[in-house]
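In our numbering, the protein residues as written are 1007 to 1284. By construction, the Cβ of each residue, glycine as well, lies at the ideal position given by its N, Cα and C atoms. Here's the structure, in structure tokens; my notes come after.
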């Protein structure tokens, strides 16, 4: 079973007038995982799709939603999957890929059948992003050992973090989709700080590995008019091209970033000094 939701894009001046409830309704995705169901959110921000699959008793096939008007989900799209739960497997046109926790799978345009299955121990959770694609690149599994790893931040500023670039053009070829995973070190709570924007592409964040009873406050909005959304474990949020995308938690955590848009340059960003945020 697949449950689909549609989200429009927003003008930054309009967002400044949003209430807490408005912000949560338009940007927060807090229902990605339900037993034996695939949940997808189709966003008009670069037509990014954010989704989650939770196979429990049966395998789950990725079906096209009405928004796609396509025979198959990936007729005109590419897909990136990261397993955020126990070991499971994804079958792509008959080829089986075993995915452990925090391992990724890229699936190129044109794949017909994508099936999610749980493993034998623990609950498997597949988080995924999808973006429009113009070319078909090979399906490929990416482990953490194959990722491009960057260490950033300082203990002094509570932002020490390890960035695992999993689905990026320095690791494999994609059309426009990029995904990676940032792990906050114990005692560090700030992500993507100092902040930045990049009007050439949008972004979606998925927060997980957060202790029970803890929370992350995700910041969005223009640098001179920021807003925040309090988030729990296994929740995602959309970040418009004009928005910052930073967060701070009440404990350390891990988050997945996914991007789509105009270019593939990871370093293309417009930095914002921390003391200039409003």
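Per DSSP, which one or two residues make a beta bridge with residue i?
| i | result |
| --- | --- |
| residue 1158 | 1167 |
| residue 1276 | 1203 |
| residue 1258 | DSSP output for residue 1258 lists no bridge partner at all. |
| residue 1039 | Its beta-bridge partners do not exist; DSSP assigns none. |
| residue 1224 | 1235, 1253 |
| residue 1177 | Note: residue 1177 sits in no beta bridge, so no partner. |
| residue 1067 | 1121 |
| residue 1058 | 1045, 1133 |
| residue 1209 | 1245, 1265 |
Could you give the C-beta distance for residue i and residue j, rounded to a whole number, given that I count them as a contact under 8 Å?
| i | j | result |
| --- | --- | --- |
| residue 1044 | residue 1136 | Not confirmed; about 12 Å, so no contact. |
| residue 1201 | residue 1252 | 5 Å |
| residue 1148 | residue 1172 | 5 Å |
| residue 1267 | residue 1185 | Rounded, the Cβ-Cβ distance is 13 Å, inconsistent with contact. |
| residue 1275 | residue 1204 | 5 Å |
| residue 1022 | residue 1231 | 5 Å |
| residue 1121 | residue 1097 | 4 Å |
| residue 1214 | residue 1240 | 5 Å |
| residue 1088 | residue 1199 | Not quite, the Cβ-Cβ distance comes to about 23 Å (not below 8 Å), so this is no contact. |
| residue 1244 | residue 1030 | Between residue 1030 and residue 1244 the Cβ distance is about 11 Å, and since that is not below 8 Å, they are no contact. |
Check for me: the alpha helix (DSSP H) holding residue i runs from which residue to which?
| i | result |
| --- | --- |
| residue 1233 | Where residue 1233 is concerned, there is no enclosing alpha helix (DSSP H), although the beta strand (DSSP E) it sits in stretches over 1231-1237. |
| residue 1027 | 1026-1033 |
To the nearest angstrom, how far is it from the Cα of residue i to the Cα of residue j?
| i | j | result |
| --- | --- | --- |
| residue 1265 | residue 1084 | 12 Å |
| residue 1103 | residue 1095 | 5 Å |
| residue 1237 | residue 1224 | 7 Å |
| residue 1248 | residue 1058 | 26 Å |
| residue 1197 | residue 1235 | 14 Å |
| residue 1273 | residue 1110 | 22 Å |
| residue 1150 | residue 1072 | 35 Å |
| residue 1076 | residue 1280 | 44 Å |
| residue 1079 | residue 1067 | 10 Å |
| residue 1101 | residue 1170 | 26 Å |
| residue 1159 | residue 1166 | 4 Å |
| residue 1177 | residue 1060 | 27 Å |
| residue 1283 | residue 1168 | 24 Å |
| residue 1069 | residue 1161 | 45 Å |
| residue 1025 | residue 1008 | 30 Å |
| residue 1124 | residue 1242 | 22 Å |
In terms of alpha-carbon separation, which member of the options lies closest to residue i?
| i | options | result |
| --- | --- | --- |
| residue 1139 | 1180, 1090, 1077, 1187 | 1180 |
| residue 1092 | 1126, 1025, 1037, 1013 | 1126 |
| residue 1011 | 1019, 1025, 1036 | 1036 |
| residue 1130 | 1145, 1143, 1105 | 1105 |
| residue 1212 | 1039, 1019, 1018 | 1039 |
| residue 1258 | 1222, 1025, 1244 | 1222 |
| residue 1064 | 1033, 1034, 1182, 1042 | 1042 |
| residue 1112 | 1128, 1142, 1189, 1052 | 1142 |
| residue 1226 | 1210, 1177, 1009, 1013 | 1210 |
| residue 1082 | 1243, 1182, 1029 | 1182 |
| residue 1277 | 1228, 1032, 1049, 1263 | 1228 |
| residue 1256 | 1217, 1233, 1157 | 1217 |
Can you name the start and end residues of the beta strand (DSSP E) that residue i belongs to?
| i | result |
| --- | --- |
| residue 1138 | 1132-1138 |
| residue 1101 | 1101-1105 |
| residue 1019 | Per DSSP, residue 1019 belongs to no beta strand (DSSP E); it is in the alpha helix (DSSP H), 1018-1021. |
| residue 1050 | It is not in any beta strand (DSSP E) - residue 1050 carries neither H nor E in the DSSP assignment. |
| residue 1294 | Absent from the structure is residue 1294, since the part of the chain shown begins at 1007 and ends at 1284. |
| residue 1112 | 1110-1113 |
| residue 1152 | Residue 1152 -> no beta strand (DSSP E), and no H or E assigned at all. |
| residue 1245 | 1241-1245 |
| residue 1098 | 1094-1098 |
| residue 1186 | 1184-1190 |
| residue 1011 | 1008-1013 |
| residue 1121 | 1120-1124 |
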